[in-house]
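Participant: First the structure, which I've put down as structure tokens, then a few questions once you've had a look.
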Amino acid sequence: MSERQWTPAQKQAITTRGGDLLVSAAAGSGKTAVLTERVLNLISDREHPVDIDRLLIVTFSKASAEEMRQRIAARLYEKMEQEPENAALRRQSLLLGNAEICTIHAFCSRLIKENFQTLGLPGDMTLGQDGENELLQAAVLEALLDEEYEKAEPDFMRLIELFSGSRHDRKVMTSLLQLYRFMRNHPFYREWAEKYIAADSETPLEETVWVVLLRQRAMESLNYALTLLEDSAALLQKSSDETLQSAALPLLREDGEMVRRLQQTVQEADWDTAMAVVLQASFPDFPRKKWTDNETKETVRKWRRQAADTVKELKTKVYLMDKAQYRADQETLAPLMARLRAFILEFDSRYTAAKWERRKLDFADLEHGALALLVSSSTGELTPLAMELGSHYREIMLDEYQDTSFLQELIFAALTVGGAHRFMVGDVKQSIYSFREACPENFLEKRRNYSPVEEGVFPAKIALNANFRTRREITEFANRLFERIMTPFTAGMDYLPEDRLVSSLPYDYSVARPVTALVLTPPLGTNAADCRRLEAEAVAKEIEYLLQSGFMVEENGGRRPVRPGDICLLMRGAKNRETYYIDALQQRGIGAHSAKNENLLETREVKTVISYLTILANPMLDLELAEVLVSPMYGFTGDDLAALRQAGRKERLYQNLLSKAAESSKFEDFLRDYDRLRAKMQEWPAAELIREICEVTDYQEKCRVLPEGETAVANLRLLQDHAAEYEKDGRGENDFAEYLRRLTERGCEWPSAAAGAGNAVTVATIHHSKGLEYPVVFLVGCHERFRKNEENSDIAMDRELGFACKLRDNYTMLQHKTLPLAAMQLQNQQTRLREEMRILYVALTRAREKLYLAATNPKAAEGMAEWGDIAAENAGYRAAAANSYWDWLRGTVMTEPGVDLRIIRPEELQQTEPTEKMEEKPEIACDEAALNRLEQTLAFEYPYHADTVTPRRVAVSELAERATKEHYLLKRRPKCLTRQEATAAERGNAAHRAMQFADLAALQKDPKAEIERLVAEGYLYREDGDLIDPGVLTALVQSPLGERMRGADRIYREMRFLQEFTPEELAAIDPALTVPGTTLIMGAVDAVLVEGSHAVLLDYKTDRVQEESELLERYALQLKLYAAMVQRQLGLPVKEAVLYSFHLGKAVQVEL
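Numbering (this note's numbering), first residue to last: 29 to 1180.
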């Protein structure tokens, strides 16, 4: 075998000695081969050999560990063949069996087993089965909650209200377990809880980390807004429209000055001063005139609106409250957080005791136990065991180092004290496991601080960027993209020169293979499901073309036609997505399979066996019995089940089987098998009973002939393995079936056996594809929006910031974000976005020869030129504002000359027609008597038809709208197509709420102060207060109508009705009011003025109308109905009805 040629950087990584070494190994750079060769180099060094059992080699998974062991063994034996006289190599081959090549959890487990007495653990502790610990957690938590509910301590009950939903405490359990699991990911987690599950009411707001984070966000937003305004001014100056320039340039200069003042205030003033200034900030309307340069005008208006929205966002996401409100919140939360901390620590103690009682550990126990053996929690000093292990190991080699957690980092750091060096290899751009608490900061900190290896100073770093996987067209596209969008702001790091991928395989470049972007633009209003279906059809069509056109791929130095197995479809998440693509491919006769592992408990074959176990304990369960009967075990048809049901509609299915056994061999076969298995169920353990079920029914062989039959058989074996593991605690098959039921109820999952790919297109998530490569890759669903769960959550957690939550007032039923929650959500949002960018990097680097990008959205082709400027001064903020991969990709797709951009319209997709004809079935003779009975039954008419089509309750507005809808339906432009900052409903609700609670005299005197009072006292949200124009309310209270309101004998505000009307009563009010039967009508009128012996009806409207007649057309009928209801309710005649238009600023009389 020819000797492999290493690049200079690879040679350095293999041979460098003397201290800790960080290797940044880009995608496809051969890091596993380098790691293997370094091990061989260490153990075969003639001058300073290292025994392989003095190396600790840690990989990310069991499969990776086994692959690494095999690679090392293969290279070692190859070396022995070359040097048969080398006794040192023979010694290493003997030591290979003792080499520690394992996962982090395997290492921790060994450490605990060898030192269990130090931790005070029993010697027979084992790792809990998947799902078992989750059930135990839930049981312990439920018991503890029940105890606390019995005590009903006020602080605890208020705490529960913070977490609870509206109807049950399921949300409480979910939130508490979420907090507990997050807490357990940290070293010395009980100390972490004492420090971070707390509310600090002593530290002034200005001295907290929250102000630092929120001010930083405010400055970033203002910098972006200012850049947009400056770009707008620069664009205007290039315009030939002098009128536009003279009108808009001064406005933009004023806007820019205002933003600069905001920047100075935010940076220099105290929090309350800055808040007051930000809340007052506003952008005046853009001049409305006819311009000759409309294109420039629209662009400038768009950028200015973006700047205004950015500033406005500060009011709702940053400056939520003043210092006094912050302090009040913290004082309110302090006892609640103390109670939460005590509760969660008590739960930890009880859960730990329950595990010990069962002799079980979980994965977190392994890491915490190992850390406790190496580092003292009280002093932070290393233990003698850490010194001993550190002197034993010569080198600790960590694969996929970018995915280590902060806790794991402390464990490995503790092992170096005795002189062991660390060899850390990975790619921080591929750190995509934050849900496992992967901490890329471990890698980034070393990358910033370590010296280049060429300087000869340790700790040192090496970069491997030679790519031995991907063609040049793809690597160059990835380089250009991430040079533009990967910045410290968006990704926590720069895309450095050493990060640039260098395609290093000698591909045939005589035929270009550009990156192809498939951009589908369906009509506006196309829903997400239809977008996915259209995209799946376009992708399937392209794959069909590749297969039929003889697209060639390179393999082992030669070329061959592409096969389905060479192609992979990657997507961010498979749920509700992958079936579209699999179905579209199969409709074209192309094999496709999902690479994700299903939940074992949800696979068809396993559910059938579980149902059999269940009916062995209780045969009267009809659903489980029916599932077994219709399964491949017995093959009952629908007719068979119908015959059984007809035998006794009120009897159980099993009883009908007994009575009909003699009529069918199927019935007899089942009952014979059932009796045999039931007789043995008390004697056999669950694993044996499952094996016997499969053997008696020949179930494995029947599954084997089905599609993906071998996978089904493997799943049945996995179920037996889980049963055998479960029985180690002496529990039987009844317990096992019940255990599986509880696992399913709790949403626990066991991974199923991996399906064999065969020669089929692979459909996989990006996470699943990590570490894999394919000749052809389609990255689909690029337009799918990122999930932003952290923005809507009531709680937030961060390793360095702690825990935060919303605050709820149970008397006013109002809740609001606390400042710590707002700051932490912004931090988590940034963290999530950084990982999304790394996930995109992983996706783009899976392809070897051809990469496709697919995006489907009505506006997918819009704004591509604008995003092409992403590398401008404001690139960081704009990239951070991305909502999908397409927001990042389309700029490079637009500007990169080598990209094959195809914009596809839906009508270009060919609809496939079924190729198989339906089988003709013989006619079935009709039973005329039965048909007549059926027709008579179907012809029955309910005598009270009107009541079946009359709603039990109907709103006044809905009833009135039916009569008037046709007159004005098309006269107003839909609000979704306008550019208003708030919808009519939002503006209307805010104005109506203000008029409902405002003191009219105070409103007349100082409307701004009165609105602020309503906000301060909780009658209005801050967002509602911002939507209200004080001048609009002033016009009302100072008008003659306002004087009448203040002078009325009595005024009822927001008067509500719920009254019953017959059709005749409604018709008497107005013939247009029609309902088929008697109904309840509900509604609310904004105000009723009582003037002497009569009433005046008043309703506020915010519609943007031009004429009074438009309001009358829309609402006259509604007010007539209101008048009738007011007269009923108050017993007073309604003399007049008035509509007050906030938009027109005038009262409109309605004729009754």
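All C-beta atoms, glycine included, are put in the ideal place defined by N, C-alpha and C.
1) Near Leu364, what residues of its chain come up, given a Cβ to Cβ distance below 8 angstroms and the 5 sequence neighbours on each side ignored?
2) List in chain order: all unbroken alpha helix (DSSP H) runs of 4+ residues lying wholly within the stretch 416 to 455.
3) Straight-line CA distance for Glu437 to Ser310?
4) How would you label Pro468, buried or exposed, when you count the other beta carbons within 10 angstroms and need 16 or more for buried?
5) At 4 residues or longer, what runs of the alpha helix (DSSP H) sit wholly inside the stretch 379 to 408?
6) Mapping the DSSP letters down to three states, classify Glu777 as helix, strand or coil.
7) Please name the residue or residues paired with Asp822 in a DSSP beta bridge.
8) Three-state secondary structure (DSSP) at Arg288?
9) Fully enclosed by the stretch 458 to 544, which alpha helix (DSSP H) runs are 4 residues long or longer?
10) Is the separation between the beta-carbon of Leu63 and that of Asp427 shorter than 8 angstroms?
11) Grouping DSSP H, G and I as helix and E and B as strand, with all else coil, what is Tyr662?
12) Residues in the same chain with beta-carbon distance under 6 angstroms from Leu242, minus the five sequence neighbours each way, listed in chain order, please.
13) Just checking Tyr347 against the ligand PLP - is the residue's beta carbon closer than 7 angstroms to any of the ligand's heavy atoms?
14) Between which two residues does the beta strand (DSSP E) containing Leu842 stretch?
15) Closer than 8 angstroms by C-beta to Tyr421: which residues in its own chain qualify, once you throw out the five before and the five after it? Chain order, please.
16) Using a 10 Å radius around the Cβ and a threshold of 16 neighbouring Cβ atoms, would you call Thr320 buried or exposed?
17) For Tyr1168, does the three-state DSSP call read helix, strand or coil?
18) Count the other CB atoms, across all protein chains shown, that sit within 10 Å of the CB of Val870; report buried if there are 16 or more and exposed otherwise.
19) Just to check my reading of the structure: Arg616 and Ala568 have Cβ atoms closer than 8 angstroms, yes? What is that Cβ distance to the nearest angstrom?
20) Whole angstroms is fine: what's the gap from Gly397's alpha carbon to Tyr429's?
21) Any beta-carbon of chain D closer than 8 angstroms to the one on Ser433?
22) Taking all protein chains shown into account, decide if Lys999 is buried (16 or more other Cβ within 10 angstroms of its Cβ) or exposed.
23) Closest by CA to Val287, which one among Pro278, Thr255 and Asp269?
24) Counting only runs of 4+ residues fully inside the stretch 1079 to 1153, write out the alpha helix (DSSP H) ranges in chain order.
25) On the DSSP letters alone, give me the boundaries of the alpha helix (DSSP H) that Leu861 sits inside.
26) To the nearest angstrom, how far is it from the Cα of Val637 to the Cα of Met922?
27) Does DSSP put Gln33 in a helix, in a strand, or in coil?
28) Looking at the structure shown, is Lys179 part of a helix, part of a strand, or coil, going by DSSP?
29) When DSSP labels each residue in this structure, what does Lys3 get in the three-state scheme?
30) By the three-class DSSP mapping on this structure, what secondary structure does Val78 have?
31) Are the beta-carbon atoms belonging to Leu861 and Tyr913 less than 8 angstroms from one another?
32) Helix, strand or coil: how does DSSP classify Pro942 here?
33) Who are Tyr802's beta bridge partners in DSSP?
34) Would you say the stretch 761 to 781 touches the stretch 625 to 636, given that touching needs at least three Cβ pairs under 8 angstroms?
35) Does the stretch 1014 to 1028 come within contact of the stretch 1045 to 1065, defined as at least 3 CB pairs closer than 8 angstroms?
36) Is the distance from the Cβ of Phe831 to the Cβ of Ile225 below 8 angstroms?
Facilitator: Based on what the coordinates show:
1) For the purposes of this step, residue 364 is taken as the residue at position 336 of the sequence shown. Around Leu364: Asp183, Arg186, Leu187, Leu190 and Ala227.
2) 434 to 442
3) Position 409 of the sequence shown, counting from 1, holds the residue named residue 437. Position 282 of the sequence shown, counting from 1, holds the residue named residue 310. So the alpha carbons of these two residues sit roughly 49 angstroms apart.
4) Against the sequence shown, residue 468 aligns to sequence position 440. Label assigned to Pro468: buried.
5) 391 to 402
6) For the purposes of this step, residue 777 is identified with residue 749 of the sequence shown, where counting begins at 1. Three-state result, Glu777: coil.
7) Here residue 822 refers to the residue found at position 794 when the sequence shown is read from its first residue. DSSP lists no partner for Asp822.
8) Reading the sequence shown from its first residue, position 260 is the one you call residue 288. In this structure, Arg288 counts as helix in the three-state DSSP scheme.
9) 469 to 477, 500 to 513 and 516 to 519
10) As a working note, residue 63 is residue 35 in the sequence shown. As a working note, residue 427 is residue 399 in the sequence shown. Yes, the Cβ-Cβ distance between Leu63 and Asp427 is below 8 angstroms.
11) For the purposes of this step, residue 662 is identified with residue 634 of the sequence shown, where counting begins at 1. Three-state DSSP puts Tyr662 in coil, outside helix and strand.
12) In the sequence shown, counting from the first residue as 1, residue 242 sits at position 214. Once the five neighbours on either side are set aside, the close Cβ partners of Leu242 are Val346 and Ala851.
13) Inclusion of the ligand PLP in the displayed structure is not the case, the ligand content being empty and no account of it being possible.
14) Reading the sequence shown from its first residue, position 814 is the one you call residue 842. Looking at the DSSP string, the run of the beta strand (DSSP E) that includes Leu842 is Leu842 to His844.
15) Start at 1 with the first residue of the sequence shown, and residue 421 comes out as number 393. If we look at Tyr421 and ignore the five residues flanking it on each side, its Cβ neighbours are Arg82, Leu83, Leu84, Leu443, Gly446 and Ala448.
16) As a working note, residue 320 is residue 292 in the sequence shown. With fewer than 16 other Cβ atoms within 10 Å, it is exposed.
17) Residue mapping note: residue 1168 aligns to position 1140 of the sequence shown, counting from 1. DSSP places Tyr1168 in strand when its eight states are reduced to three.
18) Here the question's residue 870 lines up with position 842 in the sequence shown. The residue in question, Val870, is buried, as its Cβ has 16 or more Cβ neighbours within 10 Å.
19) Walking along the sequence shown from the start, residue 616 turns up at place 588. Walking along the sequence shown from the start, residue 568 turns up at place 540. Their Cβ separation, rounded to whole angstroms, is 5 angstroms, which keeps Arg616 and Ala568 in contact under 8 angstroms.
20) Reading the sequence shown from its first residue, position 369 is the one you call residue 397. Reading the sequence shown from its first residue, position 401 is the one you call residue 429. Near 21 angstroms, if we compare the C-alpha coordinates of Tyr429 and Gly397.
21) Among the chains of the structure shown, chain D does not appear; only one protein chain is present.
22) What you label residue 999 is simply residue 971 of the sequence shown in a count that begins at 1. Because Lys999 sits at a pLDDT of 33, beneath the cut-off of 50, its placement in the model cannot be relied upon, and the point is left open.
23) Reading the sequence shown from its first residue, position 259 is the one you call residue 287. Considering only alpha carbons, the answer is Thr255.
24) 1091 to 1097
25) As a position in the sequence shown, residue 861 is number 833, starting the count at 1. Counting along the chain, the alpha helix (DSSP H) containing Leu861 begins and ends at Leu847 to Leu872.
26) For this step, residue 637 is matched to residue 609 along the sequence shown. For this step, residue 922 is matched to residue 894 along the sequence shown. Taking the straight line joining both Cα atoms gives about 54 angstroms.
27) As a working note, residue 33 is residue 5 in the sequence shown. Here Gln33 sits in coil by DSSP.
28) Locating residue 179 in the sequence shown gives position 151, counting from the first residue. Residue state, collapsed to three classes: helix.
29) Lying before the first or after the last residue shown, residue 3 is absent from the chain, which here runs from 29 to 1180.
30) Taking the sequence shown and counting its residues from 1, the one referred to as residue 78 is at position 50. Val78 falls in the coil class under three-state DSSP.
31) Taking the first residue of the sequence shown as 1, we reach residue 861 at position 833. Taking the first residue of the sequence shown as 1, we reach residue 913 at position 885. The answer is no: Cβ separation not under 8 angstroms.
32) Counted from its first residue, the sequence shown places residue 942 at position 914. Residue placement at Pro942 cannot be trusted, given a pLDDT of 36 that sits under 50; the coordinates are not used to answer.
33) For this step, residue 802 is matched to residue 774 along the sequence shown. Ala875.
34) yes
35) yes
36) Counting from 1 along the sequence shown, the entry for residue 831 is found at position 803. Counting from 1 along the sequence shown, the entry for residue 225 is found at position 197. Against a cut-off of 8 angstroms, the Cβ pair of Ile225 and Phe831 comes out as a contact.
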